[in-house]
Amino acid sequence: MAKDPYELSADEHSKIKDDMKLSSGGVVCPKYMYNKPCKVCDYIRPLWGKYPKGSKERNIFSQRAAKASFFANVVFKTKPSVAMILELGKRVGDRIIDNINDPEKLWGRWIVHPKAGVGREMTLKKNIKDGYPNYEIDPALDRADWDVPKEALDNVYNLDNILDMIKNGELGDSNHFRVSSLKEGESVNVRFLPPWEGSKVILKPVFRHWGVTQEEVDGTAPFSISFDVEDKKDSGGAVWNETNLSMPKSTGKKCFGQAEFFNMKDEECFKCPVSVECSKAIS
487 MAKDPYELSA DEHSKIKDDM KLSSGGVVCP KYMYNKPCKV CDYIRPLWGK
537 YPKGSKERNI FSQRAAKASF FANVVFKTKP SVAMILELGK RVGDRIIDNI
587 NDPEKLWGRW IVHPKAGVGR EMTLKKNIKD GYPNYEIDPA LDRADWDVPK
637 EALDNVYNLD NILDMIKNGE LGDSNHFRVS SLKEGESVNV RFLPPWEGSK
687 VILKPVFRHW GVTQEEVDGT APFSISFDVE DKKDSGGAVW NETNLSMPKS
737 TGKKCFGQAE FFNMKDEECF KCPVSVECSK AIS
């Protein structure tokens with residue numbers, strides 16, 4: 487029996503949701519993740535050094551360049567038996583690694599120790615520095631007075647699968663916490679959990695591009711950047727992932743269009759007068 491030409495394909499429409507999930511989680515950079523060609527990196531790299539730091543051109547390149555995030559297993563004191571995936575920016579992740587390696591700080595001796603009197607809580611705090619959201623991490627002065635429950639230790643996430651979890655939309659409020667969701671001046675205490683099975687480290691880095699398509703990264707669609715500065719009105723049906731990026735003339739925000747600082751669940755982002763334009767520049 488011939489297929490009705492008006493019958494829609496369920497499989498093809500499922501792909502739309504998959505594409506949306508991947509887009510909302512950025513596009514994985516094959517160069518940094520797999521040492522394979524990335525056409526966006528190939529385009530940006532030779533031009534990066536031609537413009538000084540702080541220039542309009544360098545800032546636009548930065549928005550499309552691969553950015554690192556770190557993922558880790560943690561528990562919150564308010565729900566100590568529930569393992570959660572913590573998403574951190576590069577600066578905080580680097581600080582953790584540096585202090586694990588520091589022979590004087592010796593974070594590696596206690597940062598994931600689950601026992602009271604040995605392990606420590608870590609305080610993550612958000613503030614504003616030089617006009618940008620800034621995140622700090624510091625250990626509590628006193629050692630923890632509570633054990634991490636066995637239930638949490640037995641249910642750490644295998645972060646080698648984090649890319650699939652992002653793509654499949656498996657990260658949500660019940661298992662995932664982004665440090666960027668903190669409000670200005672707000673802090674949260676966590677305890678880091680030991681490495682997942684098969685791993686010897688507690689952080690999993692992921693390099694992603696924002697504001698580009700998978701096809702542009704793969705090279706099956708052309709990628710270029712324009713430095714034209716002009717105001718663009720919202721046309722309603724406009725495609726956000728334009729390869730010729732233009733910035734509004736005045737946003738009043740240093741963090742405008744920079745994915746590592748954007749989170750619509752952040753009250754400051756939500757109330758920002760250019761939040762819609764910012765989300766379009768990033769998407």
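If you're matching positions, the sequence shown starts at 487 in the working numbering and goes up one per residue. Yeah, the Cβ is synthetic: ideal placement off N, Cα and C, and Gly gets one too. Quantities reported herein were computed from a predicted structural model and do not represent experimental measurements.
By the CB criterion at 8 Å, V604 and W596 fall inside the cutoff. The criterion of a C-beta distance shorter than 8 Å is not satisfied by K525 and W696.
Nearest in C-alpha terms to N647, of all of D631, W534, N559 and S666, is N559.
For E702, the uninterrupted alpha helix (DSSP H) segment begins and ends at Q700 to D704. Listed as beta-bridge partners of N585 by DSSP are no residues whatsoever.
Counting of Cβ neighbours within 10 angstroms places S555 among the buried residues, the total reaching 16 or more.
Taking the C-beta atoms as reference points, Y529 is found no nearer than 8 Å to F693. If you ignore the 5 residues before and after N675, its C-beta comes within less than 6 Å of the C-beta of K563, E607 and T609, all in its own chain and listed in chain order. By the Cβ rule, the region 698-705 does not count as touching the region 610-621, because fewer than three pairs are nearer than 8 Å.
Residue pairing for V676: DSSP places it in a beta bridge opposite F562 and M608. In this structure, the beta-carbon distance from E590 to F663 does not fall below 8 Å.
By the criterion of a C-beta distance shorter than 8 Å, V578 is surrounded in its chain by F556, L610, Y621, E622, I623 and V665, once the five residues flanking it on both sides are discounted.
The C-alpha of E637 is placed about 31 Å away from the C-alpha of D588. Looking only at A551, K690 and S685, the smallest Cα-Cα distance to F709 is reached by A551. As the crow flies, the alpha-carbon of E543 is around 13 Å from that of P532. Secondary structure of K601 (DSSP, three-state): coil.
Counting along the chain, R694 sits inside the beta strand (DSSP E) bounded by residues K690 to H695. Secondary structure of L627 (DSSP, three-state): coil.
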